[in-house]
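Residues 1235 to 1738 (my numbering) are what the sequence shown spells out, left to right. Before any comments, here is the structure.
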Amino acid sequence: MSRKHRGVRRLRGVAALIVAVSLSLAACGDDAETVRFPADVAQTVDRIVETSIAAGLIPGATVSIIDPQRGTYTHAYGVADIGTGRPADVHDRYRIGSITKTFTATAVLRLADQGKLSLDDHLSRYVGGIPNGDIIRLRDLLGMRGGVYNYAADPSYLGYAIGRPDGEVYDRESALRVIRSHPEKAQPPDIRTVYSNSEYFLLGIVLEKATGRPLRDVLNSVAADLGLPDTEYPLGPALLPPASRGYAYQAGKPVDVTSFVGPEAVGAAGAMVSTVGDLGQYVLKLDRGDLLKPDTFRARSAFTPMDGSVYGLGLWKVGSWIGHNGAIPGYSSIAMAMPDRGVSVAVLVNQETLPMEPFSIRADNVFDRIADALYPGTLRPATPPAQSPPIPSPADLTPRLQATLDPAANPATPPLPIEGTDADPALPATIADAYRSQGISLRVDRTTDFGNGVMAATTTLTTGNDSVPMIIMLNAHNGTWTLSRGWACESLAAFSPQHSPACG
1235 MSRKHRGVRR LRGVAALIVA VSLSLAACGD DAETVRFPAD VAQTVDRIVE
1285 TSIAAGLIPG ATVSIIDPQR GTYTHAYGVA DIGTGRPADV HDRYRIGSIT
1335 KTFTATAVLR LADQGKLSLD DHLSRYVGGI PNGDIIRLRD LLGMRGGVYN
1385 YAADPSYLGY AIGRPDGEVY DRESALRVIR SHPEKAQPPD IRTVYSNSEY
1435 FLLGIVLEKA TGRPLRDVLN SVAADLGLPD TEYPLGPALL PPASRGYAYQ
1485 AGKPVDVTSF VGPEAVGAAG AMVSTVGDLG QYVLKLDRGD LLKPDTFRAR
1535 SAFTPMDGSV YGLGLWKVGS WIGHNGAIPG YSSIAMAMPD RGVSVAVLVN
1585 QETLPMEPFS IRADNVFDRI ADALYPGTLR PATPPAQSPP IPSPADLTPR
1635 LQATLDPAAN PATPPLPIEG TDADPALPAT IADAYRSQGI SLRVDRTTDF
1685 GNGVMAATTT LTTGNDSVPM IIMLNAHNGT WTLSRGWACE SLAAFSPQHS
1735 PACG
């Protein structure tokens, strides 16, 4: 889950990062349904996505909004292929990463409804050699409570995802070998809810053992029964056309990684492919329990706390929204719904870089802005929109950011205020120490007005011989631009062993 994978400690040696790329905005492929969607609301959505692209954050994106009161809006932005300049299209297929987990969970729960397995079966009945496998239940795996070491966080997988050596293949046996060889990193089951791709990877093997069918057939059957014609578990690393190319950043340049990670490397945890139109419809069906008995769906919707949100059995809930997000090299995705209102929002983005860094914007962030703008108070407590101060030029903002990160080097320049100093007055000094200890210098390349008192600063951070573009978010407070608390906390996670009370 992209929102939760944080904490890369250094800039040096990280080849995959968000780069500010100027791309022409091209929107095409609208569905005919968009004609009845209010024009002013559509313009709000367009501005949200287009400003993200204009800030150099993502090459292209597609968005679907289904709202019984407003209608349906499906739109594409930016480019699907940087090399050819082909505009994005709403019918383009994208890898959907961890949204696959929702299909996997549905398949397991259907088998339980059919009496072909029990959620209280132990993992060892289906897969041997997993630490604690004799006490981990299938329901523990479904709810991210199995305590299984996350193979996708292991250096072996990250090395594969960043830059696979010629001839290397990361497959099922690779993942199992990592999980089995780290018993010291396993945790007792049913104690804490901790996101782990391993738990759903293992459920894919369970599905094959319980059904006697290939995993691809099992999950494709779920998609077919839900009426999703453009959703599938692919045969191999190639995507059937039409498909958006997927990009990751290496050595400061976008690299086409569309076919880089094959289904065998992620399995039931993240291999599936879909379109934004399918996902918009799908998440509504998911959230009303289609294909499941009522009692099973109620069990699926029993949520436990996880990193500031809550998780059920293959369902993620934040505020009033239920669904899932996903990230896989080249692609970022999210599909969320408010079941009581019949509203869904799905966003697909054709860029994702591992290891996941702070200071970037993904499908999650675009969704957050859409939810806040169209459905205020449903994602987090609503706040009155702030008046944006004048947007500073890069030349004006650079010295103030430099003074914030190294006050001694710029004693005559006032630093920017940082959110969170009410909880931790020492936060500015802690941030400055973190950046100074890494020898980081900074230059602002572009400033973008996101509206409602939010600004993005596209920057280049340099340490030693490494230069990496990153995004810094600023919010308006009392007529001045203030560095966001999120940026401050992510900075500490990335560059410092210190923890701040401002970060919870």
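Here a beta-carbon is modelled for each residue, glycine too, at the ideal position from N, C-alpha and C.
- Approximately 5 Å separates the beta-carbon atoms of residue 1423 and residue 1381; this is inside 8 Å, confirming the contact.
- Residue 1703 carries a strand assignment under DSSP once its states are collapsed to helix, strand and coil.
- Around the C-beta of residue 1309, 16 or more other C-beta atoms lie within 10 Å, and the residue is accordingly described as buried.
- For residue 1405, no alpha helix (DSSP H) encloses it, and the DSSP letter there is neither H nor E.
- Annotation for residue 1516: the continuous alpha helix (DSSP H) segment containing it runs 1510 to 1521.
- About 5 Å separates the beta carbons of residue 1581 and residue 1568, which is inside the 8 Å limit, making them a contact pair.
- Excluding its 5 nearest sequence neighbours in each direction, residue 1272 has C-beta neighbours in its own chain below 7 Å: 1304, listed in chain order.
- For residue 1340, the secondary structure class from DSSP, reduced to helix, strand or coil, is helix.
- Secondary structure within the stretch 1402 to 1488: the beta strand (DSSP E) runs of 3 or more consecutive residues, fully enclosed, are 1481 to 1484 (chain order).
- The beta-bridge partner set that DSSP reports for residue 1571 consists of 1556, 1578.
- For residue 1273, the enclosing alpha helix (DSSP H) starts and ends at 1273 to 1288.
- In terms of CA proximity to residue 1471, 1405 leads the group 1410, 1643, 1534, 1405.
- Taking the CA atoms as reference points, residue 1479 sits about 18 Å from residue 1332.
- In this structure, residue 1678 lies away from residue 1710, with their beta-carbon atoms at least 9 Å apart.
- Residue 1298 sits away from residue 1507, with the two beta carbons spaced by 9 Å or more.
- By the criterion of a C-beta distance shorter than 8 Å, residue 1442 is surrounded in its chain by 1448, 1449, 1452, once the five residues flanking it on both sides are discounted.
- Selection 1712, 1622, 1697, 1719 evaluated against residue 1661 yields 1719 as nearest (Cα-Cα).
- Going by DSSP, residue 1318 is part of no beta strand (DSSP E) at all; its letter is neither H nor E.
- Within its own chain, the residues whose Cβ lies closer than 8 Å to the Cβ of residue 1664, once the five positions on either side in sequence are excluded, are 1658, 1726, 1730, 1732, 1734, listed in chain order.
- Partner residues in the beta bridge of residue 1300, as assigned by DSSP, are 1306, 1578.
- Taking C-beta atoms as the reference points, residue 1412 and residue 1374 fail to come closer than 9 Å.
- With fewer than 16 other CB atoms across the displayed protein chains lying within 10 angstroms of its CB, residue 1474 is exposed.
- Of the candidates 1632, 1653, 1656, 1632 places its Cα closest to the Cα of residue 1647.
- Per DSSP, reduced to three states, the secondary structure at residue 1294 is strand.
- Remark: C-beta atoms of residue 1564 and residue 1329 approach each other more closely than 9 Å.
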